[in-house]
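Asker: Residue numbers (this note's numbering): 204 to 419. All C-beta atoms, glycine included, are put in the ideal place defined by N, C-alpha and C. Note that the structure is a prediction, hence the values are computed from the model and not measured.
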Ligand code: SF4
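The structure is reproduced here in structure tokens:
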């Protein structure tokens, strides 16, 4: 199973394979912890592509923190640009594992930057505020904003929590500002300029950066 991977030209490559070819380039390293997610987004790769056990990012089971650390021990962390928790599923669904790995990485190399790409719904999953747990461990959090209002957001993400999920996700983003240096929200470029402008206004209001990313 692929636990650590890197992305090149829009495709995912096992880290070990790419490092054999490109030893002198600093790579972003993605950590694939879980298939689970609290959303079922209409655009999710898991729905739109042939994603089953034959897919290389599908995990037969979730790796333990020790197994992920064992993988990292094979490499020199100085050769990595950024570590990103972003896998086939939602990384905060494996929160304890994520925190243990981030602690290991920061202890090993405090200059290493660590990012989480998330749907921002972990407060609802765990029924408590999660952002304080990221203090000193996570440098950037990238939260999928997806839409400018609760109804469209729920229609797109089809999450388990109903209309209240939109405000909960925004509250999580605001909380993150206290504990994480760089808080980014993302939308895809195909939602239209009017909707992008509305999302920009939300980000301006809560004081975070909006990143408009290409739809893959
Ligand atoms: S939050 Fe991400 S992993 Fe979860 S369903 Fe949506 S796109 Fe897929």
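Excluding the 5 residues flanking residue 378 on each side, which residues of the same chain have their C-beta closer than 7 Å to its C-beta?
Answerer: Correct list, in chain order: 332 and 334.
Asker: Buried or exposed for residue 263, please, with buried defined as at least 16 other CB atoms from any protein chain shown within 10 angstroms of its CB.
Answerer: In the assembly as shown, residue 263 is an exposed residue. Its beta-carbon has fewer than 16 other beta-carbons within 10 Å.
Asker: Quick one: grab the DSSP three-state call for residue 367.
Answerer: helix
Asker: Taking contact to mean at least 3 C-beta pairs separated by less than 8 Å, is the stretch 304–311 in contact with the stretch 274–288?
Answerer: yes
Asker: Roughly how many whole angstroms lie between the Cα atoms of residue 320 and residue 227?
Answerer: 26 Å
Asker: Can you check whether the CB of residue 387 is closer than 7 Å to the CB of residue 345?
Answerer: yes
Asker: According to DSSP, is residue 215 helix, strand or coil?
Answerer: strand
Asker: Is the CB-CB distance between residue 391 and residue 418 below 7 Å?
Answerer: yes
Asker: Once you ignore the five residues that flank residue 368 on each side, which residues in its own chain have a CB closer than 8 Å to its CB?
Answerer: 324, 327, 353, 356, 357, 360 and 362
Asker: Identify, in the order they occur along the chain, each residue of the same chain with its Cβ nearer than 8 Å to the Cβ of residue 412, setting aside the five sequence neighbours on each side.
Answerer: 385, 386, 387, 388 and 406
Asker: Who are residue 385's beta bridge partners in DSSP?
Answerer: 343
Asker: By a C-beta neighbour count over all protein chains shown, 10 Å radius and 16 as the cutoff for buried, is residue 339 buried or exposed?
Answerer: exposed
Asker: Helix, strand or coil for residue 411 per DSSP?
Answerer: coil
Asker: Give the single residue among 278, 243 and 239 whose Cα lies nearest to the Cα of residue 208.
Answerer: 278
Asker: If distances are taken between C-alpha atoms only, which option among 313, 316 and 371 comes closest to residue 329?
Answerer: Taking only the C-alpha atoms, the option nearest residue 329 is 371.
Asker: Taking the straight line between their C-alpha atoms, what separation do you get for residue 400 and residue 383?
Answerer: 25 Å
Asker: Could you say which of 235, 408, 240 and 216 lies nearest to residue 364 if we only look at CA atoms?
Answerer: 240
Asker: Near residue 366, which residues of its chain fall below 8 Å by C-beta distance, leaving aside the five closest residues on each side in sequence?
Answerer: Closer than 8 Å at the Cβ level, and outside the excluded window around residue 366, lie 353, 354 and 357.
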